[in-house]
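J.: The structure is given below, and queries will be raised subsequently.
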Amino acid sequence: MDAVKELSYALDTFYFLISGALVMWMAAGFAMLEAGMVRAKNTAEILIKNISLYAIACIMFLLMGYSIMYGESASGYIPSFGFLIGDDHALKDVLAGTDDAPYYSLLADFFFQVVFVATAMSIVSGAVAERMKLWVFLAFAVVMTGLIYPVQGFWKWGGGFLDQLGFQDFAGSGVVHMCGAAAALAGVLLLGARKGKYGADGSVNAIPGCNMPLATLGTFILWLGWFGFNGGSELKLSDVGEANAVAAVFVNTNMAAAGGVIAAMITARLLFGKTDLTMALNGALAGLVAITAEPLHPSPLLATAIGVIGGIIVVFSIVSLDKIKIDDPVGAISVHGVVAIWGLLAVTLSNPDATLVAQLTGLVTIFVWTFVASLIVWGILKAVIGIRVSEEEEFNGVDVSECGLEAYPEFTGGK
Amino acid sequence: MDAVKELSYALDTFYFLISGALVMWMAAGFAMLEAGMVRAKNTAEILIKNISLYAIACIMFLLMGYSIMYGESASGYIPSFGFLIGDDHALKDVLAGTDDAPYYSLLADFFFQVVFVATAMSIVSGAVAERMKLWVFLAFAVVMTGLIYPVQGFWKWGGGFLDQLGFQDFAGSGVVHMCGAAAALAGVLLLGARKGKYGADGSVNAIPGCNMPLATLGTFILWLGWFGFNGGSELKLSDVGEANAVAAVFVNTNMAAAGGVIAAMITARLLFGKTDLTMALNGALAGLVAITAEPLHPSPLLATAIGVIGGIIVVFSIVSLDKIKIDDPVGAISVHGVVAIWGLLAVTLSNPDATLVAQLTGLVTIFVWTFVASLIVWGILKAVIGIRVSEEEEFNGVDVSECGLEAYPEFTGGK
Amino acid sequence: MDAVKELSYALDTFYFLISGALVMWMAAGFAMLEAGMVRAKNTAEILIKNISLYAIACIMFLLMGYSIMYGESASGYIPSFGFLIGDDHALKDVLAGTDDAPYYSLLADFFFQVVFVATAMSIVSGAVAERMKLWVFLAFAVVMTGLIYPVQGFWKWGGGFLDQLGFQDFAGSGVVHMCGAAAALAGVLLLGARKGKYGADGSVNAIPGCNMPLATLGTFILWLGWFGFNGGSELKLSDVGEANAVAAVFVNTNMAAAGGVIAAMITARLLFGKTDLTMALNGALAGLVAITAEPLHPSPLLATAIGVIGGIIVVFSIVSLDKIKIDDPVGAISVHGVVAIWGLLAVTLSNPDATLVAQLTGLVTIFVWTFVASLIVWGILKAVIGIRVSEEEEFNGVDVSECGLEAYPEFTGGK
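Chains as they are written, first to last, in our numbering: chain A, 5 to 419; chain B, 5 to 419; chain C, 5 to 419.
Pasting the structure below:
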């Protein structure tokens with residue numbers, strides 16, 4: 005290989021690694037966001053869920069997920085499970101550090117992909133917060149990151165039938181965010197609402213999060229990490245066209261988030277009479293989810309508009325889910341699920357290769373697969389060992405019963 | 005274009021994007037710093053101000069600021085407003101994603117510049133904290149980021165008369181920090197001090213910030229982000245000379261901050277008998293502001309010394325502003341304004357192209373323009389709708405009245 | 005130099021600078037981790053220790069440490085002190101910004117190395133928390149970062165006798181982590197345990213940290229920063245082999261941390277019956293410390309296993325140190341010292357150049373040198389001015405007596 009090609013390989017590898025590090029940082033963002041949005045008594049548990057789901061995602065994706073998602077497969081419907089009998093190329097290549105990929109390190113690709121799995125799983129932890137058993141959640145994480153996510157990921161990014169169909173999903177509004185939200189929804193439906201959230205008279209009781217600066221920090225971390233999430237998904241940087249593309253992705257990602265903040269703030273102000281901080285934060289995330297399906301083709305103004313609509317949708321979605329008593333403490337299903345639908349459809353506004361039929365097929369496929377598979381897993385866990393903590397544990401907070409410590413022992417007077 | 009030039013273009017574009025992402029991260033730094041330095045009852049509001057000002061800055065700079073600052077203009081005094089009638093090249097190029105710039109993506113440049121605007125505006129939010137109406141602040145942010153900042157930015161970085169005059173301001177001690185501080189000062193003068201800050205007998209009452217770890221985290225975030233802020237302002241990385249220059253900027257930025265910490269700690273210890281944490285944090289920021297005007301030419305030792313003097317100045321400035329009853333809850337005017345004067349003058353110590361006359365002209369021009377323009381905007385807002393919350397709202401905290409929630413509902417016993 | 009070589013130089017320099025920025029960010033990680041693990045009344049002081057030790061490390065390493073560690077020396081045992089009489093090349097080159105290094109900027113190397121010194125010193129602050137005088141700690145930091153660390157650093161990374169002996173320590177399990185832990189241990193032994201930690205009847209009283217989200221955030225920051233710490237220590241990125249190596253280091257670093265989390269969680273669950281969050285956090289850090297001595301050669305599966313063993317060791321080590329009444333509020337000696345032994349020995353599992361004898365020689369040398377030198381310095385400080393605050397100050401918290409403010413004035417009811 006000549007020196008220029010070597011250098012190009014190095015630059016693209018570095019770009020993957022830095023992008024991956026930014027996405028890894030999103031794990032901290034979800035942890036802070038969720039820790040800020042729950043009550044003090046359930047904070048330590050949500051923290052340990054977040055750090056351990058990341059660890060599980062890395063290990064399961066190494067052991068089997070990467071092979072399923074990127075292994076060779078004759079069919080576009082069934083991913084490769086060849087690694088089970090030892091003949092999988094993708095996994096072997098990663099473990100050996102060999103590089104089939106011509107222009108960047110395969111291990112850098114693995115690093116970039118593995119942090120995406122963790123993102124999908126992080127979405128679940130917020131929605132089921134404050135009432136699910138810790139080790140049940142971790143058991144689900146094993147199946148989700150080892151099997152459920154990689155199979156649908158294979159359908160699009162592994163070259164499966166959704167990809168062949170022309171389904172467009174640049175960085176994963178569907179593959180990552182919709183997938184996480186569908187798994188979360190299945191869990192929430194089987195789990196039920198937190199005690200006291202919905203009155204017998206149909207009232208909805210706000211359960212305020214205990215630490216707004218943490219929630220805000222988490223949102224900023226996610227915003228920053230998203231530059232890696234979307235920016236890295238261009239998958240190449242090393243010539244003028246690719247560099248311009250990556251720059252466009254950065255700008256559009258940023259503008260959509262900005263649009264989401266402002267739209268959600270104004271919507272909340274008009275609906276509630278107050279400028280609700282949590283809605284502004286969810287607006288930022290909604291803008292980011294909305295643009296993730298197609299951050300390359302829109303102009304910056306269109307990207308802003310896509311974020312604005314995402315920011316409006318998220319407020320109405322959060323209010324609506326509460327009306328039908330789907331209790332999601334951090335709004336994860338609205339942000340990552342409902343808004344992802346908008347994002348996937350909005351691809352047709354700017355990407356000439358996208359069709360409404362393909363986009364709908366993709367989102368329905370991902371949703372149905374993930375929702376049904378998750379429902380089965382959650383259901384088995386519920387039947388066998390139970391997925392919800394006892395009423396007493398829920399009342400006292402899961403920190404003491406699950407983790408044996410309090411997150412803020414001096415601030416809450418032992419409450 | 006040959007392969008080497010393409011690669012060089014890609015590397016410089018990546019350098020801009022990563023630098024920009026680091027500066028974007030400074031928005032989180034200001035949010036955490038300010039949230040830590042106010043009282044609990046005003047925390048949610050300062051958080052929403054910080055995230056929404058960033059969003060507004062991005063949108064306004066896209067809509068008009070970038071055109072004003074970098075559009076073509078015959079005169080060095082009046083920036084281009086051609087975008088109003090549709091003939092502006094800069095904006096069109098950005099929207100179309102075309103690249104006039106020969107060695108990096110124009111969209112990457114836009115991304116890098118837009119996060120600077122947000123930094124300038126972030127400086128304001130801290131100074132007016134705990135007593136200003138939320139939507140008045142946002143209205144000011146629209147004018148500041150869309151008009152006031154870009155006009156003075158054009159004078160220096162858009163090739164205007166300050167640039168032609170030889171005014172040196174590498175990464176914006178004047179254009180960004182002094183500008184933000186001048187706008188903040190105008191707001192504070194019209195707004196008045198927080199209730200209870202200054203006694204009728206001339207006493208100054210400390211109003212302690214509620215969360216020192218957040219303030220410290222914010223300072224570390226800003227320190228990290230500053231490597232992008234100053235490091236990216238070299239604007240090129242891709243040859244030996246430029247790479248060495250960027251490295252020098254990183255080292256000097258770091259050393260100045262280190263010098264600022266130690267100097268402010270010792271100064272505070274000598275003045276107050278205690279090693280005040282907030283002064284150490286402000287010392288770090290003072291060192292960073294001081295070196296921002298010229299982080300390239302000084303030796304690392306001189307950079308340390310520039311930071312040391314910045315760290316001493318900031319302590320005396322904070323004490324002095326309190327004596328003349330200018331109430332700035334986070335010390336923003338001292339850190340970003342008073343220390344910026346030192347930074348702009350210190351350019352003459354190492355940069356042979358700098359003259360005292362040009363530096364003084366630059367800082368006076370930026371200060372007077374921003375201060376007067378801001379005073380007019382704040383004044384109009386005050387006359388028309390009032391800029392200050394009611395006494396009752398201030399007493400109860402602006403979180404409940406403006407945001408409808410508390411930042412720490414479980415930690416303060418409802419206080 | 006031709007254009008390709010210039011570009012390669014620029015890319016490697018950029019890689020150093022970004023890696024260095026990530027390591028600098030670890031200073032924030034230690035600050036948050038330690039602030040979360042101490043009680044509220046000692047939080048401001050641990051914060052000021054963390055930011056000022058970073059500043060001191062930068063200044064001392066510039067003034068003398070870099071010269072000692074990387075200056076020319078005829079002997080492999082005594083580092084160069086030529087800078088004392090003005091003939092040191094390393095320091096002069098840095099100050100002048102010249103570049104002897106053929107393929108990247110010397111100033112970028114200085115930046116990368118200086119943040120490592122701060123990491124070593126950060127390890128100390130946690131272990132001596134809640135009872136040591138602030139300025140005594142800072143005085144120790146001056147000697148540690150200016151002399152103790154650079155001397156043993158010279159023995160390995162400056163080309164001294166440990167390097168000549170074949171001692172392998174890729175990114176510093178020994179040079180950085182063991183060194184920090186040895187200095188911490190010396191301090192803790194002279195300082196004694198916190199009042200109330202160990203009962204007269206041999207009981208061990210848990211003193212819970214006040215802010216678990218901060219501790220978790222700190223751990224995530226350290227995990228992210230470690231990609232720079234280990235990833236940058238490959239020292240070159242710009243060809244296919246080096247790029248693959250850096251990618252392998254990223255993957256292995258991440259997998260070891262993941263393994264550490266899971267192993268520590270399971271170990272704690274089995275030992276205590278609860279899934280202790282602080283053990284999960286220490287497990288992550290243990291995995292990172294364990295892989296730091298050799299993150300390049302292991303396969304990702306072996307790296308995971310190395311982390312798993314690190315995660316198991318750290319739990320038993322923390323429990324054991326408490327049994328022998330070595331009071332380390334954050335577990336720093338276990339994480340960075342005991343686990344580093346495992347990491348240094350584990351090098352022999354995958355690196356064909358490593359020998360057990362060389363590894364043992366290296367770790368014993370580093371430990372003995374640092375421990376004895378630190379004991380002398382701590383001992384002199386103890387004899388001359390005393391290293392421990394008064395009982396009354398300890399009871400009331402060091403924040404008020406040392407810093408003159410409280411970290412959370414509104415959350416603890418003045419307690």
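Ideal Cβ placement from N, Cα and C applies to all residues, glycine included.
Pairing CB atoms from the stretch 335–352 of chain B with CB atoms from the stretch 137–152 of chain B, are three or more of them under 8 angstroms?
T.: no
J.: Would a check of beta-carbon distances place Met24 of chain B closer than 9 angstroms to chain A?
T.: Locating residue 24 of chain B in the second sequence gives position 20, counting from the first residue. As written in the sequence, residue 24 of chain B is Gly, which differs from the Met given in the question. Output row for Gly24 of chain B: interface = yes.
J.: Quick one: what's got a C-beta closer than 6 angstroms to Met269 of chain B's C-beta in the same chain, skipping five residues either side?
T.: Taking the second sequence and counting its residues from 1, one reaches residue 269 of chain B at position 265. For Met269 of chain B, where only same-chain residues beyond five positions count, the Cβ hits under 6 angstroms are Thr279 and Ala284.
J.: Report all residues from its chain with a CB closer than 7 angstroms to the CB of Ala197 of chain C; omit the five preceding and five following residues, and keep chain order.
T.: Residue numbering aside, residue 197 of chain C sits at position 193 when the third sequence is read from its first letter. Lys329 and Asp331, listed in sequence order.
J.: With DSSP collapsed to three states, give me the class of Met136 of chain C.
T.: Residue numbering aside, residue 136 of chain C sits at position 132 when the third sequence is read from its first letter. Reduced to three states, the DSSP call for Met136 of chain C is strand.
J.: So within the stretch 218–284 of chain B, which uninterrupted alpha helix (DSSP H) runs reach at least 4 residues, ignoring any that extend past its ends?
T.: 244–276
J.: What residues of chain A sit near Arg135 of chain C, judged by a beta carbon separation below 8 angstroms?
T.: On the third sequence, position 131 is the one that residue 135 of chain C refers to. None at all; the shortest Cβ gap to chain A is about 18 angstroms.
J.: Tell me the DSSP bridge mates of Val208 of chain C?
T.: The sequence position of residue 208 of chain C within the third sequence is 204, counting from 1. C:Tyr202, per the DSSP bridge assignment.
J.: Using a Cβ-Cβ distance cut-off of 9 angstroms, determine whether Thr17 of chain B contacts chain A.
T.: Counting from 1 along the second sequence, the entry for residue 17 of chain B is found at position 13. Yes, its Cβ sits closer than 9 angstroms to a Cβ of chain A.
J.: Can you pull the chain C neighbours of Arg43 of chain B, defined as C-beta to C-beta under 8 angstroms?
T.: To locate residue 43 of chain B, count along the second sequence from 1; it is residue 39. Correct list: Glu414.
J.: Identify which residue in C:Glu398, C:Asn286 and C:Val342 has its Cα closest to the Cα of Ile52 of chain A.
T.: Within the first sequence, numbered from 1, the residue matching residue 52 of chain A stands at position 48. Comparing Cα-Cα distances from Ile52 of chain A to each of C:Glu398, C:Asn286 and C:Val342, the minimum goes to C:Asn286.
J.: Determine which residues of the stretch 214–241 of chain B have a Cβ less than 8 angstroms from any Cβ of chain C, and write them out in chain order.
T.: Cys214, Asn215, Met216, Pro217, Thr220, Leu221, Thr223, Phe224, Ile225, Trp227, Leu228, Phe231, Gly235 and Leu241
J.: Classify Ile127 of chain C: buried if its beta carbon has 16 or more other beta carbons within 10 angstroms, exposed otherwise.
T.: Numbered from its first residue, the third sequence carries residue 127 of chain C at position 123. With 16 or more other Cβ atoms within 10 Å, it is buried.
J.: Determine whether the beta carbon atoms of Leu343 of chain A and Val381 of chain A lie at a separation below 9 angstroms.
T.: In the first sequence, residue 343 of chain A corresponds to position 339, counting from 1. In the first sequence, residue 381 of chain A corresponds to position 377, counting from 1. Residue identity check: residue 343 of chain A is Val in the sequence provided, not Leu. For Val343 of chain A and Val381 of chain A, no; Cβs fall outside 9 angstroms.
J.: Per the DSSP calculation, Arg392 of chain B is bridged to which residue(s)?
T.: Residue 392 of chain B sits at position 388 when you count from the first residue of the second sequence. Answer is B:Met136.
J.: Looking at the structure shown, is Gln172 of chain A part of a helix, part of a strand, or coil, going by DSSP?
T.: In the first sequence, counting from the first residue as 1, residue 172 of chain A sits at position 168. Coil at Gln172 of chain A, not helix or strand.
J.: Three or more beta-carbon pairs under 8 angstroms between the stretch 233–251 of chain A and the stretch 29–48 of chain B, yes or no?
T.: A contact is defined here as three or more CB-CB pairs under 8 angstroms, and the stretch 233–251 of chain A fails this definition with respect to the stretch 29–48 of chain B.
J.: From Ser84 of chain C to Ile316 of chain C, what does the alpha carbon distance come to, in whole angstroms?
T.: Translated into the one-based positions of the third sequence, residue 84 of chain C becomes position 80. Translated into the one-based positions of the third sequence, residue 316 of chain C becomes position 312. Taking the straight line joining both Cα atoms gives about 41 angstroms.
J.: Is it a yes or a no for the stretch 253–267 of chain B touching the stretch 59–79 of chain C, going by three-plus beta-carbon pairs under 8 angstroms?
T.: yes
J.: With a CB to CB cut of under 7 angstroms and the five nearest residues on each side skipped, what residues in its chain are close to Val119 of chain A?
T.: The residue you call residue 119 of chain A lines up with position 115 of the first sequence. Hits under 7 angstroms: Gly24, Val27 and Met28.
J.: Of all the CB atoms in chain B, is at least one closer than 9 angstroms to the CB of Thr271 of chain A?
T.: Indexing the first sequence from 1 puts residue 271 of chain A at position 267. Not an interface residue.
J.: Does Ala14 of chain A come out as helix, strand or coil in the three-state DSSP assignment?
T.: One-based indexing of the first sequence puts residue 14 of chain A at position 10. Of the three classes helix, strand and coil, the one that applies to Ala14 of chain A here is helix, per DSSP.
J.: Looking at the C-beta of Val339 of chain C, does it have a partner C-beta in chain B at a distance below 9 angstroms?
T.: Start at 1 with the first residue of the third sequence, and residue 339 of chain C comes out as number 335. So, not an interface residue.
J.: Does DSSP put Ser56 of chain C in a helix, in a strand, or in coil?
T.: What you label residue 56 of chain C is simply residue 52 of the third sequence in a count that begins at 1. In the structure shown, Ser56 of chain C sits in a helix (DSSP, three-state: H, G or I).
J.: What's the C-alpha gap between Leu300 of chain A and Leu275 of chain C?
T.: Sequence index remark: in the first sequence, residue 300 of chain A carries index 296 (1-based). Sequence index remark: in the third sequence, residue 275 of chain C carries index 271 (1-based). Each residue's Cα considered, the two are about 51 angstroms apart.
J.: Write down every uninterrupted run of the beta strand (DSSP E) in the stretch 84–147 of chain A whose length is 3 residues or greater and which is fully enclosed by it, in chain order.
T.: none
J.: Cβ closer than 8 angstroms: which chain A residues qualify as neighbours of Gly263 of chain C?
T.: To locate residue 263 of chain C, count along the third sequence from 1; it is residue 259. By Cβ distance, chain A contributes Ala59 and Ile63.
J.: Alpha carbon to alpha carbon, how far is Phe371 of chain C from Pro212 of chain B? Give it in angstroms, no decimals.
T.: As a first step, residue 212 of chain B must be located in the second sequence, where it is residue number 208. As a first step, residue 371 of chain C must be located in the third sequence, where it is residue number 367. The C-alpha of Phe371 of chain C is placed about 43 angstroms away from the C-alpha of Pro212 of chain B.
J.: How far does the alpha helix (DSSP H) with Pro333 of chain B in it reach, from first residue to last?
T.: Residue mapping note: residue 333 of chain B aligns to position 329 of the second sequence, counting from 1. From DSSP, Pro333 of chain B is part of no alpha helix (DSSP H); its letter is neither H nor E.
J.: How far does the alpha helix (DSSP H) with Trp159 of chain C in it extend, from its first residue to its last?
T.: Looking up residue 159 of chain C in the third sequence gives position 155. Here the alpha helix (DSSP H) through Trp159 of chain C covers Tyr153 to Lys160.
J.: Determine the chain A residues that contact Met28 of chain B at a beta-carbon separation under 9 angstroms, and present them in chain order.
T.: For the purposes of this step, residue 28 of chain B is identified with residue 24 of the second sequence, where counting begins at 1. Ordered by position in chain A, the residues that pass the 9 angstroms Cβ test against Met28 of chain B are Phe224, Trp227, Leu228, Phe231 and Asn258.
J.: Does the structure place the stretch 288–305 of chain B close enough to the stretch 172–184 of chain B that three or more beta carbon pairs sit under 8 angstroms?
T.: yes
J.: Looking only at its own chain, which residues have a Cβ that is under 7 angstroms from the Cβ of Gly86 of chain C, when we skip the five neighbours before and after it?
T.: In the third sequence, the residue the question calls residue 86 of chain C occupies position 82. Gly75 and Asp92, listed in sequence order.
J.: Is the number of C-beta pairs between the stretch 243–256 of chain B and the stretch 375–394 of chain C that are closer than 8 angstroms three or more?
T.: No, they do not touch.
J.: Checking contacts by CB at 9 angstroms: is Met73 of chain A closer than that to chain C?
T.: Within the first sequence, the letter at position 69 stands for residue 73 of chain A. At a cut-off of 9 angstroms between beta carbons, Met73 of chain A makes no contact with chain C.
J.: From Ser303 of chain B to Gly383 of chain C, what does the alpha carbon distance come to, in whole angstroms?
T.: On the second sequence, position 299 is the one that residue 303 of chain B refers to. On the third sequence, position 379 is the one that residue 383 of chain C refers to. A straight line joining the alpha-carbon of Ser303 of chain B with that of Gly383 of chain C spans about 37 angstroms.
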